[in-house]
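The sequence shown begins at 0 in numbering that gives the first Met the number 0 and counts up one residue at a time.
Just so you know, even glycine gets a beta-carbon here, dropped at the ideal spot from N, CA and C.
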Amino acid sequence: MKRVVTTVFASMAVLMGISVSAQDKVEITAGADVVSSYVWRGVYQSGFSVQPELGIGYKGLYFGAWGSTGLKDFKEFDLAVSYEIAGFLFGVTDYWWEGQGMKYGDYKDSHHFEGTIGYTFGEKFPLSISWSTFFAGGDKDKDGDRAYSTYIELSYPFTFKGVDFDVAVGMAPWESITYLPTDNKGFQVCNIALTAYKDIVISDRYALPVFVGFSLNPAMNDVNLVFGISF
């Protein structure tokens, strides 16, 4: 999934980078984010969006669905499976963002399939590194050949003054036309991001999670600031 909160705003959930813990029992994930704009890997996708997620996890294995719908017919639907063990994360994501009214079943051209491998060093030094490459579907260059668009990210969470933060740097080692529409065919830094997470206390029994994410894209000379609410 292309989730603003983790990669901007983090992450690959691998559903956009999804990171899961090794549960000893089956756990169901159901929720949604409402965001002021949708930014993925430093690239603006759409304006105000609702982004639901539904998943199931068991002993490090996770399968989930994630979507994003904007006010101007932008529609995305992603499916992902991932497995985490000993700090390593392996995942495959099927991205579909053709838009409202488009046919879903064109897997050859309208879907984009990406494989991800990541590693988190541990609680004492929680640096995470991930490498994601499109290997099938519509990820093709102008000649129709496989482009192998690739995104590499380093992220590090920390807490300051009672607020949780995540800082991330994302880059493309070569031309990555699926997510980075630029003529630069070499190494590109495309996402320098800082996201702050805080719970707004509503009552003794409920707090509303909110986040604000800043993203600078040097490759496209662009910048975004996103506000979101999680439910």
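**Message:** Quick check: V188 and V168, are their CB atoms within less than 8 Å of each other?
**Reply:** In the sequence shown, residue 188 corresponds to position 189, counting from 1. In the sequence shown, residue 168 corresponds to position 169, counting from 1. Yes, the pair counts as a contact, with Cβ atoms nearer than the cut-off.
**Asked** Within 10 angstroms of its Cβ, does V225 collect 16 or more other Cβ (buried), or is it exposed?
**Response** Within the sequence shown, numbered from 1, the residue matching residue 225 stands at position 226. Counting Cβ neighbours within 10 Å, V225 comes out buried, since at least 16 surround it.
**Message:** Given this structure, state the Cα-to-Cα distance separating T6 from N223, to the nearest angstrom.
**Reply:** Indexing the sequence shown from 1 puts residue 6 at position 7. Indexing the sequence shown from 1 puts residue 223 at position 224. In this prediction, T6 scores a pLDDT of 38, lower than 50, which makes its location untrustworthy; no coordinate-derived value is stated.
**Message:** Classify E52: buried if its beta carbon has 16 or more other beta carbons within 10 angstroms, exposed otherwise.
**Reply:** In the sequence shown, residue 52 corresponds to position 53, counting from 1. That one is buried.
**Asked** For A206, which of K160, D198 and K24 has the nearest alpha-carbon?
**Response** Counted from its first residue, the sequence shown places residue 206 at position 207. Of K160, D198 and K24, the residue nearest in Cα terms is D198.
**Request:** Taking all protein chains shown into account, decide if G90 is buried (16 or more other Cβ within 10 angstroms of its Cβ) or exposed.
**Result:** Reading the sequence shown from its first residue, position 91 is the one you call residue 90. Looking at its Cβ environment, which holds 16 or more other Cβ atoms inside 10 Å, G90 is buried.
**Asked** DSSP puts K139 in a beta bridge; with which residues?
**Response** In the sequence shown, the residue the question calls residue 139 occupies position 140. Answer by DSSP bridge pairing, in chain order: R145.
**Prompt:** Which stretch, first to last residue, makes up the beta strand (DSSP E) that contains Q50?
**Reply:** Taking the first residue of the sequence shown as position 1, residue 50 is located at position 51. Residue range S48 to Y57 is occupied by the beta strand (DSSP E) that includes Q50.
**Prompt:** Which residues bound the beta strand (DSSP E) around Q99?
**Reply:** Numbered from 1 along the sequence shown, position 100 holds the residue referred to as residue 99. In the DSSP assignment, Q99 falls outside any beta strand (DSSP E) and carries neither an H nor an E.
**Request:** Taking only the alpha-carbon atoms, compute the straight-line gap between T149 and S175 and give it to the nearest angstrom.
**Result:** Here the question's residue 149 lines up with position 150 in the sequence shown. Here the question's residue 175 lines up with position 176 in the sequence shown. If I take the Cα positions, the gap works out to 6 Å.
**Request:** Compute the distance between the beta-carbons of S214 and V33, then report whether it is under 8 Å.
**Result:** Taking the sequence shown and counting its residues from 1, the one referred to as residue 214 is at position 215. Taking the sequence shown and counting its residues from 1, the one referred to as residue 33 is at position 34. The Cβ atoms of S214 and V33 lie no closer than 8 Å to each other.
**Endpoints, the beta strand (DSSP E) within which I231 is located** = This structure leaves residue 231 out entirely; the chain is present only between 0 and 230.
**Of the residues Y82, V49 and L153, the one placed nearest F120, counting alpha carbons only** = For this step, residue 120 is matched to residue 121 along the sequence shown. Out of Y82, V49 and L153, L153 has the C-alpha closest to the C-alpha of F120.
**Prompt:** Does the Cβ-Cβ distance between A85 and D77 come in under 8 Å?
**Reply:** Along the sequence shown, one-based indexing puts residue 85 at 86. Along the sequence shown, one-based indexing puts residue 77 at 78. At least 8 Å separates the beta-carbon of A85 from that of D77.
**Asked** Do you know offhand how far Y196's Cα is from D142's?
**Response** In the sequence shown, residue 196 corresponds to position 197, counting from 1. In the sequence shown, residue 142 corresponds to position 143, counting from 1. When rounded, the distance between both Cα atoms is 43 Å.
**Asked** Which runs of the beta strand (DSSP E) spanning at least 3 residues fall entirely within the stretch 156-190, listed in chain order?
**Response** DSSP runs (the beta strand (DSSP E)) wholly in the stretch 156-190: 162-171.
**Request:** Measure the Cβ-Cβ separation of V49 and A29 and say whether it is below 8 Å.
**Result:** Numbered from 1 along the sequence shown, position 50 holds the residue referred to as residue 49. Numbered from 1 along the sequence shown, position 30 holds the residue referred to as residue 29. V49 is not a Cβ neighbour of A29, given a cutoff of 8 Å.
**Asked** Could you give the distance in angstroms between the alpha-carbon of K123 and the alpha-carbon of G59?
**Response** As a first step, residue 123 is located in the sequence shown; it is residue number 124 there, counting from the start. As a first step, residue 59 is located in the sequence shown; it is residue number 60 there, counting from the start. Straight-line Cα distance between these residues: approximately 21 Å.
**Prompt:** Name the DSSP bridge partner or partners of L126?
**Reply:** Counted from its first residue, the sequence shown places residue 126 at position 127. In DSSP, L126 forms no bridge with anything.
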